[in-house]
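One structure below.
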Amino acid sequence: MNRNVAVLGIAATPVGKYQSDASADIHTLEHEVLAKLVIEAMKDGGLPKEEIDSLILAQCRPYTQQKYFATFMANYLRMPCAASVMEVLGNGMTGGIALEQAIRDIESGRARAALAMGANFESATPSAEHMNSSMRATGDVDFHTPFGLTPIAWYAMDANRYIHEHGSSRRELATVAVKDRYHASLNPIAQYQKTITLDEVMAQREIVEPLGLYEVPPRGDGAVCILLCSEDIAKASGKPYVLVRGRGFYHEGVHQISEIPNDMIAFNSLQRASKNAYENAGITAQDLDFAEIYAPCTIVEVLASEAMELAPRGRGARAAADGETTLGGRIPISTSGGLLSRGHPAYVTPLYNMYEAVEQLRGDAGKRQVADARLGATSCELGNYNAAMVQILEAVR
Amino acid sequence: MSIEVIKKGRPRAYPPRPTECTVIFWEALTKGKFQTTKCNDCNSFTFPPKPVCPHCWSSSVSWKELSGKGTLYSRTTIYAAPATFKNETPIHAGIIDLEEGIRIATQLLEDDPIPIDSAVEIVAILYSDGPLYGARKPK
Ligand SMILES: [Zn+2]
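First to last, the protein sequences are chains A and B. Just remember that our numbering sits 198 ahead of the position in the first sequence, which is counted from 1. Just remember that our numbering sits 909 ahead of the position in the second sequence, which is counted from 1.
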């Protein structure tokens, strides 16, 4: 049994700062925020809660006090489930794994409908403290962490290598941040909506050379719920829906850095995952109307656009600077504003990317609507794109 | 073939944890010897050192000294550092391709940025509580 899977309902909070300080009199808590979104996503899809057989939760940040969050939510909303109730984790890919697991449950026939969802609350923890934890996630704790390498330091090294190899510049890469902010200015759920100029991006304080404050991800909180179901259920609903037309995944068996020297900025895993996804969907990169890419830094979007064959190798930064990836351009990328401006509550970021893809494919994206959007791609990753997951989505209206 | 040992009169911000395997690496490093494990079956080096070969899964590995010579593949300077490293900011770091065909990431000892694709050498750094290593422009 191998059934088609559709996305039928979505709900998300604007990305922002919600997490309350431990000493607050009144708290904002993950489960209350998420419960409202579940009801909203179900209403959006028009399904009764009895149709849900799987709850797949992106694991919460360690700052979330409520543990066993998936079973807690099953109780909080009284949702008996016949297929799965679980939390998943995989660095920045966490939300993508939640979607993938929900898709598999439906595809295999174990679930009629499934919810992929999560709440990532972290903003009350200062960045320097947060990095004490995240520095142990990227690299070897005993052979990399002692040198002070942070997650985005690896992307900064991608940037310097790219500039060196392809004659690009920080300024050319930084155009991605200006483009992302312009897109976010049209997105009511974006964390930062005020447009910025290239000079403003260049004038920010350095974070990891050559990247400044606006070229690395902001920190924020967010929560998303995505309702998926079999295509027959979606069809019977009479509502517009989004078909999951193809998927690809690849992990190159490398954690952050390959001890055998390789072309680090080729994003080999994303090349393979996107190729698999295009083949699985029966399309080529040229068929896509837009791509919602997981890119925590300007350079990452450029490298990902090349790996996904949306720009020629070494020309991704030029393409971005020339406006090819801006709304109205040849292949709009990160129409939500991306991780840089829509925001990056990391464990649910891939769910936000799915949310944006669904808005585009249902024609609900308002002022940032890609004209006649029929086919879109999302990507997510972990490490330095050592693993990549790609989903190809199609509008059915 | 030994590498230079530089002394620093302060402890490491985030000390590595030696194991029965890696303590051999750290103790040799203290004496200016930079070495890693090499597979006796498929002849592949591995770094960090491991008690098994990740390539062919052999458990027969030997220690082999490395020259410490390499080229800088990429680099960065970290201005926003984890709280643990607040006294060491800014942090200079890079990815180095050693001449034996091994890629590593480590700290850079530099006043001016070392250019990408230029030669670097590994040095041992003896802190008050134990060793680490780093790379610099060859003396
Ligand atoms: Zn071997």
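Even glycine gets a Cβ: it sits at the ideal position worked out from N, Cα and C.
Cα-Cα separation, B/D940 to A/A317: In the sequence as presented, Asp is not what sits at residue 940 of chain B; that position holds Lys. Their backbone Cα atoms lie some 50 Å apart in a straight line.
Sequence-distant residues of its chain with Cβ nearer than 6 Å to B/F943 (five each side left out): I912, L975, G977 and I1031
Whose CB is closer than 6 Å to a heavy atom of ligand 1? List the residues in chain order. B/C948, B/D950, B/C951, B/S953, B/C962, B/H964, B/C965 and B/S967
Alpha carbon to alpha carbon, how far is A/L255 from A/A585? Give it in angstroms, no decimals. Distance between the alpha carbons of A/A585 and A/L255: 20 Å.
My parser needs the alpha helix (DSSP H) runs of 4 or more residues fully inside the stretch 982 to 1044 of chain B; what are they? none
Of the residues B/L1041, B/C930, B/P924 and B/L1018, which one's Cα is nearest the Cα of B/K1048? For the residues B/L1041, B/C930, B/P924 and B/L1018, the minimum Cα distance to B/K1048 belongs to B/L1018.
Quick one: give me the first and last residue of the beta strand (DSSP E) that A/G480 is part of. Here A/G480 belongs to no beta strand (DSSP E), and DSSP marks it neither H nor E.
Span of the alpha helix (DSSP H) around A/E238: E228 to G243
List, in order along the chain, the chain B residues whose C-beta lies closer than 7 Å to that of A/L347? In chain order: A1002 and A1014.
Going by C-alpha distance, which of A/M315, A/P416 and A/L501 is nearest A/A464? A/L501
List, in order along the chain, the chain B residues whose C-beta lies closer than 8 Å to that of A/I424? Near A/I424 there are no residues of chain B at all, since even the closest Cβ is about 32 Å away, more than 8 Å.
Just to confirm my understanding: we take B/Y923, look at its own chain, exclude 5 residues before and 5 after, and list those with CB closer than 6 Å. What are they? For B/Y923, where only same-chain residues beyond five positions count, the Cβ hits under 6 Å are T993.
How many Å lie between A/H381 and A/E522 at the Cα? 13 Å
For A/E413 and A/P260, I'd like the C-alpha separation in whole angstroms. 26 Å
CB-CB under 6 Å to A/V440, same chain, minus the five flanking residues each way: which ones, in chain order? V205, V556, L559 and L591
Cut-off 6 Å between Cβ atoms - residues of its own chain near A/T348, not counting five sequence neighbours on either side: M329 and M333
Exposed or buried, what is A/L287 when buried is set at 16 or more other beta-carbons lying within 10 Å of its beta-carbon? exposed
Shortest alpha-carbon distance to A/S282 belongs to which of A/T269, A/T323 and A/M400? Check the Cα spacing between A/S282 and each of A/T269, A/T323 and A/M400: the tightest is with A/T269.
Three or more C-beta pairs below 8 Å linking the stretch 439 to 459 of chain A and the stretch 474 to 485 of chain A: yes
Per DSSP, A/E592 is paired with what? A/L441 and A/L573
A/I405: contacting residues in chain B (beta-carbon distance under 7 Å): Y988 and A989
In whole angstroms, give me the CA-to-CA distance for A/D397 and B/S968. 56 Å
Inspect the beta-carbon positions of A/P543 and A/G420 and report whether they are closer than 7 Å. yes
Classify A/N273 as helix, strand or coil using the three-state DSSP reduction. helix
Where does A/L313 fall in DSSP's three states? strand
Which residues in the same chain as B/D950 place their Cβ atom closer than 8 Å to its Cβ, once the five residues preceding and following it in sequence are excluded? C962, C965, S967 and S969
Locate the beta strand (DSSP E) running through A/S539, then write down its first and last residues. Here A/S539 belongs to no beta strand (DSSP E); instead the alpha helix (DSSP H) covers G536 to S539.
Specify the secondary structure class of A/M462 as computed by DSSP and reduced to three states. helix
Given a threshold of 16 other Cβ atoms within 10 Å of its Cβ, counted over all protein chains shown, does B/P1040 qualify as buried or as exposed? buried
Quick one: list the residues of chain A neighbouring B/G1010, beta-carbon separation under 8 Å, in chain order. Within 8 Å of the CB of B/G1010, the CB atoms of chain A belong to I458 and P459, in sequence order along the chain.
Where do the ends of the alpha helix (DSSP H) carrying A/L549 lie? T547 to R560
8 Å CB neighbourhood of B/S983 in its chain, flanking five on each side removed: Within the same chain, B/S983 has close Cβ partners G1003, I1004 and I1025.
For A/I224, is the classification buried or exposed, using 16 other Cβ atoms within 10 angstroms of its Cβ as the cut-off for buried? exposed
With distance defined between alpha-carbon atoms, name the residue in A/V452, A/D303, A/L486 and A/E327 nearest to A/R528. A/L486
If you drop the 5 nearest sequence neighbours on each side, which residues of the same chain put their C-beta closer than 6 Å to that of A/A563? Closer than 6 Å at Cβ, skipping near neighbours: E557.
Beta-carbon gap between A/D251 and A/A309 smaller than 7 Å: yes
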